[in-house]
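Enquirer:
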Amino acid sequence: MFAVFKIAMRALRRNILRSFLTMLGIIVGISAVIVGVSMGTGAKAEVDKRIASMGQNLLTVMSGNMSRGGVRGGFGMQPNLTIGDYEAIRKEISGITAVSPEARAQGQIAAGNQNTSIQVLGVSAEYLAARSWNLRSGDNFSETDVRNANKVCLIGATTAKTLFGENVDPVGQVIRIKGAPFTIVGALEAKGSGSFGQDQDDIVLMPYTSAMKRLSGDTRLRSFFVQAATPNDIADVQAQLTDLLRQRHQITEGKDDDFMVRTQQETSDFFNANNRIMTILIGFFAGISLVVGGIGIMNIMLVSVTERTREIGIRLAVGARGRDVLLQFLTEAVLLSVLGGALGIATGYWLAPLLTKFAEFPTLISHTSVMLAFTVSAIIGIVFGFFPALKAARLDPIEALRYE
Amino acid sequence: MSVPVIQLEDFRKTYTSGEVEVHAVQGVTLAIQAGEFVAIMGASGSGKSTMMNTLGCLDRPSSGRFLFDGVNVGELNRDELADLRNRKIGFVFQGFNLLSRTTALENVELPMLYCRPGIRGSVQRDLAEKALALVGLADRAEHTPSQLSGGQQQRVAIARALVNQPKLLLADEPTGNLDSRTGIEIMGIFQQLNAQGITVVMVTHELDIARYCRRVVVMRDGLVRSDEPVKERLLATEALANLDAEQKAVQLA
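Residue numbers (the working numbering), protein chains in the order written: chain G, 4 to 407; chain Z, 17 to 269.
(1) Could you list which residues in chain G have their beta carbon closer than 7 Å to that of residue 193 of chain Z, in chain order?
(2) Along chain G, which residues have their Cβ under 9 Å away from the Cβ of residue 130 of chain Z?
(3) Residue 370 of chain G by DSSP, collapsed to three states: which one?
(4) Looking at residue 100 of chain G: is its Cβ nearer than 8 Å to the Cβ of residue 299 of chain G?
(5) Residues of chain Z with CB closer than 7 Å to the CB of residue 401 of chain G, please, in chain order.
(6) Taking C-alpha atoms, which residue in G:65, G:48, G:320, G:64 lies nearest to residue 402 of chain G?
(7) Measuring straight from C-alpha to C-alpha, what distance separates residue 61 of chain Z and residue 81 of chain Z?
(8) What are the complete beta strand (DSSP E) segments, minimum 3 residues, inside the region 133 to 203 of chain G?
(9) Compare the C-beta of residue 363 of chain G against all C-beta atoms of chain Z and say whether one is closer than 8 Å.
(10) Within the continuous alpha helix (DSSP H) that includes residue 341 of chain G, where are the two ends?
(11) Is any beta-carbon of chain Z found at less than 8 Å from that of residue 6 of chain G?
(12) Could you please give the first and the last residue of the uninterrupted beta strand (DSSP E) stretch that includes residue 16 of chain Z?
(13) For residue 218 of chain Z, which residues does DSSP report across the bridge?
(14) Mind checking whether the beta-carbon of residue 140 of chain G lies closer than 7 Å to any heavy atom of the ligand COA?
(15) Roughly how many whole angstroms lie between the Cα atoms of residue 32 of chain G and residue 95 of chain Z?
(16) I want to know whether the region 349 to 358 of chain G touches the region 389 to 396 of chain G - three or more CB-CB distances under 8 Å.
(17) Using 10 angstroms around the beta-carbon of residue 108 of chain Z, count the other beta-carbons present and answer buried if the total reaches 16, otherwise exposed.
(18) Answer with yes or no whether the minimum CB distance from residue 95 of chain Z to chain G is below 8 Å.
(19) Quick one: grab the DSSP three-state call for residue 88 of chain Z.
(20) Return the CA-CA distance between residue 105 of chain Z and residue 311 of chain G, expressed in angstroms with no decimal places.
(21) Under a Cβ-count criterion, where at least 16 other Cβ atoms within 10 Å of its own Cβ denotes burial, should residue 119 of chain Z be classed as buried or exposed?
(22) In terms of residues, what are the limits of the alpha helix (DSSP H) holding residue 312 of chain G?
(23) What does the Cβ neighbour count give for residue 118 of chain G, buried or exposed, with the cut at 16 atoms within 10 Å?
(24) Report all residues from its chain with a CB closer than 6 Å to the CB of residue 251 of chain Z; omit the five preceding and five following residues, and keep chain order.
(25) Output, in sequence order along the chain, the residues in the region 10 to 21 of chain G whose CB is closer than 9 Å to any CB in chain Z.
(26) Give me the DSSP bridge partner(s) of residue 103 of chain G.
(27) Given 8 Å as the limit, is there contact between the region 110 to 126 of chain Z and the region 144 to 160 of chain Z, that is, 3 or more CB pairs closer than that?
(28) Taking the alpha-carbon of residue 264 of chain G as reference, which of G:61, G:209, G:294 has the nearest alpha-carbon?
(29) Are residue 216 of chain Z and residue 185 of chain Z closer than 8 Å when you measure CB to CB?
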């Protein structure tokens, strides 16, 4: 077996440029597979990471229903979740550790002569714990603050920096949001670059009551944030939430929900669906280039068999069986494709980080994809090398010896 | 008497090229005993190449029987033919048929690659070196064919033919591509091997060369026309000595 390998290696070295060009098809194909799959897994890992960073065991209740009939009842419609819904969830759902509305308001914020326009999020006092957000200084607002819709707020690191500059503790300062004064009771720790692009630290949190009454004037909510106690409770909580809200919204049997309860898993699936399509597309094109590469190998092997007809004749004359010749040429083809595969994998390892660096696309090379690529390249060698090898093995020794 | 190495009984070979049937050999009965040194002669188209291919077990008879060392070759399949060639026949060709860009030693090792059961690499190397030494090329083992003269290449081919200790050494116009002196040298090697008991059968169209053999079979139109021992057999050693003497005389003159 080693002798066969040696002979094949020598045959390939004899035409080193030709061997390399033949491998090129496989190299391109395999590196495309590696990079493509690494983009898919990279994007998925990124999504998963961001979704996990939102907190643990979270469920989101959204008004409208995007999952059925496209965007029907989605963003265009009036929000239909109420404070009553929130309080009912708080009281009646078991197995949850935190629940909070998310009342969003956009507004101009000013402190001294600095001002900025950012997202104001009205939440309950449980929100910080649910999202595992920590305070750098000061305290969270209290249940009393929520009940009384007090003008207090928590400030994100970026916002604090914009308004007060670095190294200044903003706690105790007063900011004006849409003209109304709010006292900063706590400063949030920096969380770094945020979920889905936006800066998570450019934010102001306040009791949802304050946000609704004093800023937006809304009476309805777009979403709730619910934290299940353990991962095992998630499914049950989801079912409870659905039942409760259907009841409260008086949705009769057979009618579609006018809200959506999504687990983190479902959210990540939603975003990963696109990634999967992208991965499949890239894989498809990489697959085509692998087939083309395989045909290239077959072509060169056919040429090689013709060129070496006399050699085959000699080998047959001195006692090589058909299968010896078959094995020899098959080994060459497999060696070509496997070497091409190895080079393709190396190229992939080299390209993927470049892609991350210059195109800022997250990539992650999985061992599975490397193994798969390697196996595929070996299979290509066997499949596309078989016909030429068979042709060689079936040569008539007399004809082959006479071949000029 | 022992089993003949080669026994042909009414051997016929017919090729169909297009719609024309070519009767290359039309009934040859012939026996070659172990230790013989036979030349098969004939003009082109006489059927001697077909004889050669059949005796070399590269091809099977269309009809008639061919027994090689007692084995009916007509009943063997492709793999069995290959094994037979591997173990019992050594080929020497007109065009040497060495693998280019492969050293003399590796060329000689070639038949051993296909031995069943396999032979260990180190043993292969030893045997190949011995075979090369036998044809006087021990010092050229690492040379490739392009670095060797025609005579040396043919000697590598002979070493390759001998390495599996075959029953039969089969040579197809072994001197055809060589100058007359080198041709005689090659015949000298054959005579030497034959003297050691190896059966040699060669195809040639040169009468001079045939006279180094012991028996000459002449073919014409696919039939054996004559089959007789060589009278006044030439000895390569003497012929070479004569050549040297002549050359010396020319230089002196």
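No residue lacks a Cβ here, since even glycine has one placed at the ideal position from N, Cα and C.
Expert: Put simply:
(1) Taking the first residue of the second sequence as 1, we reach residue 193 of chain Z at position 177. None at all; the shortest Cβ gap to chain G is about 14 Å.
(2) To locate residue 130 of chain Z, count along the second sequence from 1; it is residue 114. Residues of chain G passing the Cβ test: 318, 321, 322, 323, 324, 327.
(3) Start at 1 with the first residue of the first sequence, and residue 370 of chain G comes out as number 367. Residue state, collapsed to three classes: helix.
(4) Stepping through the first sequence from its first residue, residue 100 of chain G is reached at position 97. Stepping through the first sequence from its first residue, residue 299 of chain G is reached at position 296. No, they are not a contact pair.
(5) For the purposes of this step, residue 401 of chain G is identified with residue 398 of the first sequence, where counting begins at 1. Listed along chain Z, the residues sitting closer than 7 Å to residue 401 of chain G by beta-carbon distance are 69, 74, 75.
(6) Along the first sequence, read from residue 1 onward, the residue named residue 402 of chain G stands at position 399. The shortest Cα separation from residue 402 of chain G among G:65, G:48, G:320, G:64 belongs to G:320.
(7) Residue 61 of chain Z sits at position 45 when you count from the first residue of the second sequence. Residue 81 of chain Z sits at position 65 when you count from the first residue of the second sequence. The straight-line gap from Cα to Cα measures roughly 22 Å.
(8) 138 to 141, 155 to 158, 177 to 180, 183 to 191
(9) Counted from its first residue, the first sequence places residue 363 of chain G at position 360. No, residue 363 of chain G lies away from the interface with chain Z (no Cβ there is under 8 Å from its Cβ).
(10) Reading the first sequence from its first residue, position 338 is the one you call residue 341 of chain G. Looking at the DSSP string, the run of the alpha helix (DSSP H) that includes residue 341 of chain G is 325 to 362.
(11) As a first step, residue 6 of chain G must be located in the first sequence, where it is residue number 3. Yes, contact with chain Z.
(12) Because chain Z here runs from 17 to 269, residue 16 of chain Z falls outside it and cannot be looked at.
(13) Here residue 218 of chain Z refers to the residue found at position 202 when the second sequence is read from its first residue. According to DSSP, residue 218 of chain Z bridges with Z:55, Z:187.
(14) For the structure depicted, the ligand COA is absent and the ligand set is empty, with no information on it obtainable.
(15) As a first step, residue 32 of chain G is located in the first sequence; it is residue number 29 there, counting from the start. As a first step, residue 95 of chain Z is located in the second sequence; it is residue number 79 there, counting from the start. Rounded to the nearest angstrom, the two C-alpha atoms are 39 Å apart.
(16) no
(17) In the second sequence, residue 108 of chain Z corresponds to position 92, counting from 1. Residue 108 of chain Z should be labelled buried.
(18) One-based indexing of the second sequence puts residue 95 of chain Z at position 79. Yes - at least one Cβ of chain G is within 8 Å of the one on residue 95 of chain Z.
(19) Translated into positions along the second sequence, residue 88 of chain Z becomes position 72. It is a strand residue.
(20) Counting from one through the second sequence, the residue named residue 105 of chain Z turns up at place 89. Counting from one through the first sequence, the residue named residue 311 of chain G turns up at place 308. When rounded, the distance between both Cα atoms is 23 Å.
(21) As a working mapping, residue 119 of chain Z is identified with position 103 in the second sequence. It counts as buried.
(22) Here residue 312 of chain G refers to the residue found at position 309 of the first sequence. Residue 312 of chain G -> alpha helix (DSSP H) spans 312 to 320.
(23) For the purposes of this step, residue 118 of chain G is taken as the residue at position 115 of the first sequence. So residue 118 of chain G counts as exposed.
(24) The count along the second sequence starts at 1 and reaches residue 251 of chain Z at position 235. Its chain contains no residue whose beta carbon lies nearer than 6 Å to that of residue 251 of chain Z once the 5 sequence neighbours on both sides are disregarded.
(25) 10, 13, 17
(26) Taking the first residue of the first sequence as position 1, residue 103 of chain G is located at position 100. The partner list for residue 103 of chain G (beta bridge, DSSP) reads G:228.
(27) yes
(28) Along the first sequence, read from residue 1 onward, the residue named residue 264 of chain G stands at position 261. Looking at the Cα atoms, G:61 is the closest of the given residues.
(29) Translated into the one-based positions of the second sequence, residue 216 of chain Z becomes position 200. Translated into the one-based positions of the second sequence, residue 185 of chain Z becomes position 169. Result yes, Cβ atoms of residue 216 of chain Z and residue 185 of chain Z sit closer than 8 Å.
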